[in-house]
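Undergrad: Sharing a structure below in structure tokens format, with a few things to ask.
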Amino acid sequence: MALDTGNITASSGMSKAIYEQINSILSPTLGDLPSDDMETIRDSWKKLAYAVAKGVVSHITSNMEIYDIHTQGNINTTVSGNSSAALSGSLTHGHSIHLAGEQPNVEFTQNDDGTGHVR
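For the sequence shown, counting from 1, position 118 maps to 118 in the UniProt record's numbering; every step adds exactly one.
Spelled out as structure tokens, the structure:
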């Protein structure tokens, strides 16, 4: 899942999720305000939600560190070609080679700053 900031209208991404929580918690506390006032307040909450989402995503993508990610799989290699010419008496000859190798269940561990891993 990508870290999706969303937009200033809080219609998508993290800004939408934050706005929905702000609205559900704070709207009941405002009582019976006129609808125009509620719309102005909710527009402000959407901008606030976007600002929070933008800050969170920016902070995570700038400061993330990744440790102890383990991947495992099989390594298969093929080496093909010709051997060097060998001299045997007055004859030289080479051999065609085709070698296949496999190392099953190789495990790699990743530790880095997360650059390029988080969007």
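All residues carry an ideal CB built from backbone N, CA and C; glycine is no exception.
Between LEU33, PRO28 and GLY55, which lies nearest to SER15 when the distance is taken from Cα to Cα?
TA: For the purposes of this step, residue 15 is taken as residue 15 along the sequence shown, with counting starting at 1. From the listed residues LEU33, PRO28 and GLY55, the smallest Cα separation to SER15 is found for GLY55.
Undergrad: Can you tell me the Cβ-Cβ gap for ILE97 and ASN82, rounded? I've got them flagged as a contact below 8 Å.
TA: Taking the first residue of the sequence shown as position 1, residue 97 is located at position 97. Taking the first residue of the sequence shown as position 1, residue 82 is located at position 82. At roughly 7 Å, the Cβ-Cβ gap stays under 8 Å, so ILE97 and ASN82 are in contact.
Undergrad: Can you list, in chain order, the residues of its chain whose CB lies under 6 Å from that of GLY101, leaving out five sequence neighbours each side?
TA: As a working mapping, residue 101 is identified with position 101 in the sequence shown. Result list for GLY101: THR77, in chain order.
Undergrad: Counting along the chain, where does the alpha helix (DSSP H) carrying ASN74 start and finish?
TA: Residue mapping note: residue 74 aligns to position 74 of the sequence shown, counting from 1. Taken as a continuous stretch (DSSP letters only), ASN74 belongs to no alpha helix (DSSP H), being part of the beta strand (DSSP E) at 66-82.
Undergrad: Does the beta-carbon of ILE18 have 16 or more other beta-carbons within 10 angstroms, so that it is buried, or is it exposed?
TA: Translated into positions along the sequence shown, residue 18 becomes position 18. It is buried - the Cβ of ILE18 has at least 16 other Cβ atoms within 10 Å.
Undergrad: Could you give the distance in angstroms between the alpha-carbon of ILE80 and the alpha-carbon of GLY94?
TA: Walking along the sequence shown from the start, residue 80 turns up at place 80. Walking along the sequence shown from the start, residue 94 turns up at place 94. According to the sequence provided, residue 80 is Ser. The question's Ile does not apply to it. In a straight line, the C-alpha of SER80 is about 13 Å away from that of GLY94.
Undergrad: If you draw a straight line from the C-alpha of MET38 to the C-alpha of ASN63, how long is it?
TA: To locate residue 38, count along the sequence shown from 1; it is residue 38. To locate residue 63, count along the sequence shown from 1; it is residue 63. Answer to the nearest angstrom: the Cα atoms are 37 Å apart.
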